[in-house]
Amino acid sequence: MSIKSDRWIRRMAEQHNMIEPFEPGQVRRDDNGRRLVSYGTSSYGYDVRCADEFKIFTNINSAVVDPKHFDENSFVDFRGDTCIIPPNSFALARTIEYFRIPRDVLTICLGKSTYARCGIIVNVTPLEPEWEGHVTLEFSNTTPLPARIYANEGVAQFLFLQSDEPCEQSYADRAGKYMGQRGVTLPKA
Numbered sequence: 002m003s004i005k006s007d008r009w010i011r012r013m014a015e016q017h018n019m020i021e022p023f024e025p026g027q028v029r030r031d032d033n034g035r036r037l038v039s040y041g042t043s044s045y046g047y048d049v050r051c052a053d054e055f056k057i058f059t060n061i062n063s064a065v066v067d068p069k070h071f072d073e074n075s076f077v078d079f080r081g082d083t084c085i086i087p088p089n090s091f092a093l094a095r096t097i098e099y100f101r102i103p104r105d106v107l108t109i110c111l112g113k114s115t116y117a118r119c120g121i122i123v124n125v126t127p128l129e130p131e132w133e134g135h136v137t138l139e140f141s142n143t144t145p146l147p148a149r150i151y152a153n154e155g156v157a158q159f160l161f162l163q164s165d166e167p168c169e170q171s172y173a174d175r176a177g178k179y180m181g182q183r184g185v186t187l188p189k190a
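Add 1 to a position in the sequence shown, counting from 1, and you land on the number used in the numbering used here.
Structure, rendered in structure tokens:
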């Protein structure tokens, strides 16, 4: 298994629609010259952007968090250019980018250091071979202060690991429950 470079990522995005929309370079400023948390192709990965739709965890209904019987009332829906995550809480969001992972590739999502240095942690999660969809991102605010996430800017980096042979059974073969997800997707039992 080998980690893939920027050239491989560009080729897979352009020839096989692996990432849509795709940014072939690294974007650090908007059209008006304002600084952004960077997104796009990096040396050995791709920095994804966060869309402007969020689900912010709340305990107003005194719900118990249960992955087998998840109560949608545990979240407040919010749409905007920034999202404030309450202290010691978390929020869900989704990537702007839609992914189509090849059968011989495993993709790993890691947080960006800009957010980690502020106490905002992105869940490390794999995208399995032949999975496709918008990636639901989990942001944990580990600080005792409110924390801000910026929509339409970089929030996590994806690394692509290619095997020397295709897997025997892919996510598509198993008809995985998160296949083709669009929008912010809550846990499914």
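For glycine and all other residues, C-beta sits at the position ideal for the given N, C-alpha and C.
What do you reckon, are the CB atoms on Gly120 and Ala157 nearer than 7 Å?
no
Pop quiz: Met180 and Ala173 are said to be a contact at Cβ under 8 Å. What is the actual Cβ separation, rounded to whole angstroms?
7 Å
Measuring CB to CB, does Leu93 end up less than 7 Å from Val28?
no
For the beta strand (DSSP E) containing Arg80, name the first residue and the last one.
76-80
Provide the residue span of the alpha helix (DSSP H) that contains Glu15, from first to last.
7-17
Let me know the secondary structure DSSP gives Glu154 once reduced to three states.
coil
Inspect the CB distances between the region 39-56 and the region 71-91 and report whether three or more fall short of 8 Å.
yes
Opposing strand residues paired with Asn142 [DSSP bridges]:
Ile121
Going straight from the alpha carbon of Thr137 to that of Arg95, what length do you get?
4 Å
If we call anything under 7 Å between Cβ atoms a contact, is Lys5 one with Gln182?
no
Examine the Cβ distances between the region 63-77 and the region 34-50 and report whether three or more of them are shorter than 8 Å.
no
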